[in-house]
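This report refers to the structure that appears directly beneath it.
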Ligand SMILES: Cc1cc2nc3c(=O)[nH]c(=O)nc-3n(C[C@H](O)[C@H](O)[C@H](O)COP(=O)(O)O)c2cc1C
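Here it is as structure tokens:
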């Protein structure tokens, strides 16, 4: 299949996830194009399936991701697509945190009008070494609230790469049936 991956990122972790998806899909024999939503991304025409993802910062995704979806929504709703949401709330053991992350994704998709075949919640990363003092303090506080004891002198990655693979497998199965 000819597949397009569009991502939004603030600290780079969603790009890493999108590139991992690219590798997995290429290894499975697909033709993959990947682009940052903020960097003049290609339109979805001519592709057989699309994956779009963004990360949550202060309850919001990157505005470039919202712009891409709203600008292409009629085409997106005619092709097999999946939305992947990257955040830290889903790395928490607290159920309310997961519910909140799902609500942010659901509300976002509702606002854009896109109805993807699938959505996925992917745990992100804590990049303390990239944050300024203010961000480091906020993220330490949030992490504590979510039940994680962290050391701000190092980074943490919570992404379950096997779960990402399984999500892609399920999506390709569904997309192939639609194609
Ligand atoms: C300033 C800031 C605000 C964040 N706000 C949220 C949030 O509201 N909910 C959440 O679950 N994760 C939040 N996160 C965690 C990010 O979603 C997570 O670090 C993710 O891996 C970032 O992906 P990116 O590197 O692609 O931007 C926040 C992170 C930062 C630095």
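Numbering (our numbering), first residue to last: 12 to 190.
Note that beta-carbon positions come from the ideal geometry of N, C-alpha and C, so glycine has one too.
Predicted model only: the values in this text are computed from it and were never measured.
- Counting only the Cα atoms, residue 129 lies some 12 Å from residue 180.
- For residue 43, the enclosing beta strand (DSSP E) has its first and last residue at 42 to 47.
- Taken through DSSP and simplified to helix, strand or coil, residue 62 comes out as strand.
- If you draw a 10 Å sphere on the C-beta of residue 20, you find 16 or more other C-beta atoms in it, and that means buried.
- At the C-beta level, residue 153 and residue 97 stay beyond 8 Å of one another.
- Secondary structure note for residue 120: its alpha helix (DSSP H) is the uninterrupted segment 106 to 123.
- Listed in chain order, the non-local C-beta contacts of residue 112 below 8 Å within the same chain comprise 67, 96, 98, 100, 101 and 132, local neighbours out to five positions each way being set aside.
- A direct Cα-to-Cα measurement between residue 26 and residue 43 gives close to 14 Å.
- Pairing residue 61 with residue 148, the inter-Cα distance amounts to about 36 Å.
- DSSP, reduced to helix, strand and coil, places residue 14 within a strand of the structure shown.
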